[in-house]
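Residue numbers (the working numbering): 150 to 382.
By construction, the Cβ of each residue, glycine as well, lies at the ideal position given by its N, Cα and C atoms.
Here the structure is a predicted model, which means the values were calculated and not measured.
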């Protein structure tokens, strides 16, 4: 499990749109791909154009939490990112999730630990701390967006997409079972998907939860309820 990080700590970030444009316009093949010898990658991939994200998980306005980016390039950007990740065929653990707020910070800022992370963002902002605890401009992690370009990660055992506005559904889960045969744990695959303002997403969530529970290898579900193995969103 990842060590809990304080909200003041920095994390490794890659701004997807910026590096994609550098590559496209300047011919610079800037890449974080370290080759097949890399077994663990922990990184926040930010700056992905997400015109489908309409609000936050508490129905609040997006305001400073998102950038204005060219939505027409959203799939181009993501497919380029997937190509970089796909070079690391030796990965056993891929962590792309957002910061997990620590209990120390909960106590320091008197946060309600039972509230969702969007409400915690609002509480922190009231204390003068602008913190993005949910990555709303992240990889969609859908087959449409280019997930299939990660088919070579056959050694992958753990995927972490906690606190990101991904759109992985049952179709993607079935794909993962086929192409990542060593997969044992998925953290953050199931979310409430409020940010999409789409009632159908609750049905998607329940379908994904059912698939995970029925998986013969017992892949854990990290949706925040009393039956979860991990209590993260």
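Exercise. Which residues in the same chain as residue 186 place their Cβ atom closer than 7 Å to its Cβ, once the five residues preceding and following it in sequence are excluded?
Worked result: 239
Exercise. Residue 312 and residue 357: beta carbons closer than 7 Å?
Worked result: no
Exercise. Based on Cα-Cα distance, which residue from 191, 193, 217 lies nearest to residue 202?
Worked result: The candidate whose alpha carbon is nearest that of residue 202 is 217.
Exercise. Of all the options 298, 286, 190, 297, which has the alpha carbon lying nearest to the alpha carbon of residue 223?
Worked result: 286
Problem set entry | Alpha carbon of residue 335 to alpha carbon of residue 161, nearest angstrom | Between residue 335 and residue 161, the C-alpha separation is close to 21 Å.
Exercise. Exposed or buried, residue 307, counting other C-beta atoms within 10 Å across all chains shown (16 or more means buried)?
Worked result: buried
Exercise. When you compare each of 197, 241, 237 to residue 225 by their alpha carbons, which one comes out closest?
Worked result: 197
Exercise. Beta strand (DSSP E) containing residue 189: first to last residue?
Worked result: Segment 189-191, the beta strand (DSSP E) holding residue 189.
Problem set entry | Reduced DSSP category for residue 152 - H, G, I as helix; E, B as strand; rest coil | Since pLDDT at residue 152 reaches only 44, below the 50 mark, its modelled position is unreliable, and no value is offered.
Problem set entry | Simplified DSSP assignment, three categories, for residue 227 | Looking at residue 227 - three-state DSSP - the assignment turns out to be helix.
For this session: Run the CB neighbour count on residue 317, radius 10 Å, all protein chains shown included, and call it buried at 16 or more, exposed below.
Result: buried
For this session: Could you check which residue in 188, 241, 234 has the C-alpha nearest to that of residue 437?
Result: Outside the displayed range of the chain (150 to 382) lies residue 437, so it cannot be described from this structure.
Exercise. CA-CA distance, residue 293 and residue 321?
Worked result: Roughly 10 Å between the two C-alpha positions.
For this session: Could you name the residues of the same chain whose beta carbon sits closer than 7 Å to that of residue 194, not counting the 5 residues immediately before and after it, in chain order?
Result: These residues qualify, in order along the chain: 163, 165, 230, 245, 287, 288.
For this session: Can you say whether residue 299 is buried or exposed, counting buried as having 16 or more other CB atoms within 10 angstroms of its CB?
Result: buried
Problem set entry | Local Cβ density within 10 Å of residue 191, reported as buried at 16 or more and exposed below that | That one is exposed.
Exercise. Skipping 5 residues on each side, what residues in its chain have a beta carbon closer than 7 Å to that of residue 305?
Worked result: 240, 241, 243, 329, 331, 332
For this session: Closer than 6 Å by C-beta to residue 189: which residues in its own chain qualify, once you throw out the five before and the five after it? Chain order, please.
Result: 242
For this session: Ignore the nearest five residues each way along the sequence and tell me which others in residue 228's own chain have a CB closer than 7 Å to its CB.
Result: Excluding sequence neighbours, residue 228 sits near 295, 298.
Problem set entry | Identified DSSP bridge partners for residue 174 | Per the DSSP secondary-structure output, residue 174 pairs with nothing in a beta bridge.
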